[in-house]
Every structure is written in C-alpha cells, then in structure tokens.
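Take a look at the structure set out below.
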Amino acid sequence: VVPLYSMFRAMGGSELWWQVVFTPYYTASFLVDELRPFPAVFGPLIEAQIPLLPNKDNARSFKSHRSESDCNITTCQTWKDAGKGIREVFDKLTADIDLRENTRVADVSILPNGKKRVRDEF
Numbered sequence: 287v288v289p290l291y292s293m294f295r296a297m298g299g300s301e302l303w304w305q306v307v308f309t310p311y312y313t314a315s316f317l318v319d320e321l322r323p324f325p326a327v328f329g330p331l332i333e334a335q336i337p338l339l340p341n342k343d344n345a346r347s348f349k350s351h352r353s354e355s356d357c358n359i360t361t362c363q364t365w366k367d368a369g370k371g372i373r374e375v376f377d378k379l380t381a382d383i384d385l386r387e388n389t390r391v392a393d394v395s396i397l398p399n400g401k402k403r404v405r406d407e408f
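Printed below as a string of structure tokens:
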C-alpha cells in the first residue's frame with residue numbers, strides 16, 4: 287500500500303503545501319492529526335467528500351441573506367446529525383443493562399460462567 291504522502295510528493299507536491307494547506311484542512315475535517323500514513327487510494331475519496339475547491343459538481347450552494355449562492359457546503363453537511371448516530375449506538379449498547387452514570391466502579395469480578403460482576407461505590 288502506497289502512502290498518500292508518498293504519492294503526493296512523487297507527483298510533485300511540495301512539503302510546504304502539504305503542511306500549510308492539505309494537512310490543516312483535512313485533519314480538521316477527519317479529526318486526526320496526521321495524514322501521511324493514509325493509503326493513497328483514499329485521496330480521491332477524501333476529495334469527493336471534502337473538496338478543496340467546492341464547485342457546482344461537488345458541493346451544494348444555498349441562498350442566504352448575503353447572496354444567492356453563499357453557503358458552499360460539501361457532502362459532509364450530513365455531519366450536522368453525527369451526534370444523533372452516536373447517541374443511538376450508545377442507547378442500543380445499553381438497552382438491556384443496568385446503566386449507572388456518574389458512579390465509581392469499586393471492583394469487577396469474573397463469575398464462573400464468564401459474566402462480569404461490577405461492584406460500584408453504592
């Protein structure tokens with residue numbers, strides 16, 4: 287697997303552009319701090335999701351109080367509901383258990399059948 291950074295540099299990309307433009311733009315979008323080890327095949331996928339140059343083919347524009355096509359939002363506009371998905375997953379994971387929040391765990395013991403018994407501070 288060829289790293290994205292290696293492919294970028296082999297194609298003539300500068301270290302300065304990688305550090306000043308590419309890395310800050312995409313690390314903020316992907317919540318990571320390093321893109322060098324990403325496989326090169328991710329390059330087109332990243333650009334499709336978060337284009338460096340949004341246009342009518344890869345982004346949507348919306349009317350605002352400033353102009354008719356003010357808000358260029360990429361396909362990551364779906365992130366506005368990202369917290370909802372996390373909450374749904376947590377709710378499903380904890381659906382059939384005795385969930386206690388803001389409680390310290392004092393001890394965890396493994397029972398003969400493999401289940402775990404958790405003793406909390408109360």
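To convert, note that position 94 of the sequence shown is 380 in our numbering; the numbers rise steadily by one, no gaps.
Where a beta carbon is used, it is the ideal one built from N, C-alpha and C, also for glycine.
With contact defined as three or more Cβ pairs closer than 8 Å, the segment 323-331 and the segment 342-349 are not in contact.
With respect to the C-alpha of Pro325, the residue from Tyr311, Pro289, Leu339 and Trp304 having the closest C-alpha is Pro289. Between Asp377 and Val391 a beta carbon distance of about 21 Å is seen, past the 8 Å cut, so the two are scored as non-contacting. For Arg352, there is no enclosing alpha helix (DSSP H), as DSSP marks it with neither H nor E. Arg373 and Tyr291 have their C-alpha atoms roughly 35 Å apart. DSSP places Ala392 inside the beta strand (DSSP E), whose first and last residues are Val391 to Ile396.
Per DSSP, the unbroken beta strand (DSSP E) holding Arg403 starts and ends at Lys402 to Asp406.
Boundaries of the alpha helix (DSSP H) around Ile332: Phe328 to Gln335.
Here the alpha carbon of Leu385 sits roughly 46 Å from the alpha carbon of Leu339.
With respect to the 8 Å criterion, Ser350 and Ile336 are not classified as neighbours on the basis of their beta carbons. The beta carbons of Thr313 and Leu321 sit closer together than 8 Å. As the crow flies, the alpha-carbon of Pro398 is around 14 Å from that of Val404.
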